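Student: Below is the structure I would like to discuss, written out as structure tokens.
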Amino acid sequence: MDVTVNGEPHALDERITVATLIEQLELTDARIAVEINREILARQNFDSHRLKSGDQVEIVRAIGGGQNDCLSCGKYTFNSRLLVGTGKYQDMQQTRLAIEASGADVVTVAIRRTNIGQDPNEDSLLDFIPPSQYTILPNTAGCYTAADAVRTCRLARELLDGHALIKLEVLGDEKTLFPNVVQTIEAAQILIDDQFDVMVYTNDDPIVAKELEDAGCIAVMPLAAPIGSGLGIRNPYNILTIIENAKVPIIVDAGVGTASDASIAMELGCDGVLMNTAIASAKQPILMASAMKKAIEAGREAFLAGRIPRKRYASASSPIDGTFL
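Structure below.
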């Protein structure tokens, strides 16, 4: 039977248990957490839970602040679940230091606004953020039609020597910067047919998110709030619905303002968060980058740990059964 494990297809024996899979992957001595179809599986059920064909399995090591809890998008694996942008910094040096402090592996670059080799007379961002150390994620910021977005992605592929991983965004208007969903879906299909690996920015509509996933996008990136607004997650229930319906990573993109917003996204079960303005426009960008790194790790660990249920009335922290009164 066919099962996906951490984003990779695996052909397994029929009715294999989770415990047997862990043994085959040589993870028996590791501190791990297991998700089956985005539901945490209790450790005591590893021996009894049998996998079914089509199951989506994620096995993560919740160790050392989540350092080994990787983000898998299609064939790509990243150590950090924080993705960052490069705009709005004071200069290239501040950009480099903030990205280092964030611990991010993925750095998104606006091809229309950033020099990555187009102009030999200006500093190239790649001299400060080298592709040998980071995964460069070209994006189509500033594109308002599917045609413009597709052309921009093809330009990025030429400039980056055949680079196939891109972040697609097609905007609807300059005031809100909300995505144009119709143009986004059209561009996504063209790019996927052209062998691009598409991570796609969209609104927080669960139906649209699922359609983009079904089209073949390797990650869906719903907004938390308008780009650069810093309003945080305005509609957590829609984001939660998107997560529950998804079989690809869900990465919150746009609207994060501070560390608590990032933690909330991760506690909801998001696979990652992409941000730029929240770091670059902070009074101390490098310090904020460090805070965001910790917030992502804390939120992810809290999600894996499983929060207590909300209750209307108090519940004593210490048990009272058997005590002397």
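Each residue of the sequence shown is one higher than the last, beginning at 22 in the working numbering. Where a beta carbon is used, it is the ideal one built from N, C-alpha and C, also for glycine. A quick note: this is a predicted structure, and the numbers were derived from the prediction, not measured.
Can L189 and V229 be called in contact, C-beta distance under 8 Å?
Tutor: No; because the gap between Cβ atoms is not below 8 Å, this pair is not in contact.
Student: In this structure, how does DSSP classify Q154 when only helix, strand and coil are distinguished?
Tutor: Note: Q154 maps to coil in three-state DSSP.
Student: Which first and last residues belong to the alpha helix (DSSP H) in which C174 is found?
Tutor: Note, C174: alpha helix (DSSP H), 167-180.
Student: Measuring CA to CA, which of N256, A312, C94 is closest to S281?
Tutor: Taking only the C-alpha atoms, the option nearest S281 is A312.
Student: Which residue comes first and which comes last in the beta strand (DSSP E) that contains Y222?
Tutor: Start and end: 218-223.
Student: Return the Cβ separation of A286 and I254 in integer angstroms, given the expectation that the two are a contact with Cβ distance under 8 Å.
Tutor: Right, the Cβ-Cβ distance comes to about 6 Å (below 8 Å), so this counts as a contact.
Student: Could you tell me which residues DSSP puts in a beta bridge with Q77?
Tutor: Per DSSP, T25.
Student: Would you call A83 buried or exposed, if buried means 16 or more other Cβ atoms sit within 10 Å of its Cβ?
Tutor: Note on A83: pLDDT 46, under 50, position unreliable in the model; the coordinate value appears next. Per the 10 Å Cβ criterion, buried.
Student: If you measure between the beta carbons of P243 and D194, is that distance less than 8 Å?
Tutor: Contact: no.
Student: Can you say whether V203 is buried or exposed, counting buried as having 16 or more other CB atoms within 10 angstroms of its CB?
Tutor: Result: exposed.
Student: Express the C-alpha separation of I132 and A40 in angstroms, rounding to a whole number.
Tutor: Near 46 Å, if we compare the C-alpha coordinates of I132 and A40.
Student: Round the Cβ separation of L62 and M113 to the nearest angstrom and send it over; I've been treating them as touching at under 8 Å.
Tutor: With 8 Å as the limit, L62 and M113 do not qualify as a contact, their Cβ atoms being about 45 Å apart.
Student: Measure the alpha-carbon distance for Q305 versus T49 and round it to whole angstroms.
Tutor: If you take the alpha carbons of Q305 and T49, they lie about 43 Å apart.
Student: Got a sec, what are the start and stop residues for the alpha helix (DSSP H) A240 sits in?
Tutor: That residue, A240, is in no alpha helix (DSSP H); its beta strand (DSSP E) goes 240-243.
Student: Could you pull the DSSP bridge partners for M287 from this structure?
Tutor: None, per the DSSP bridge assignment.
Student: Rounded to a whole number of angstroms, what is the C-alpha to C-alpha distance between N266 and D292?
Tutor: Computed Cα separation, rounded: 13 Å.
Student: How about the stretch 72-83 and the stretch 95-102: do they share at least three Cβ pairs that are nearer than 8 Å?
Tutor: Contact between the stretch 72-83 and the stretch 95-102 is absent, because fewer than three Cβ pairs lie under 8 Å.
Student: From this set, F149, L158, A209, S250, which residue's C-alpha is nearest F199's C-alpha?
Tutor: The shortest Cα separation from F199 among F149, L158, A209, S250 belongs to S250.
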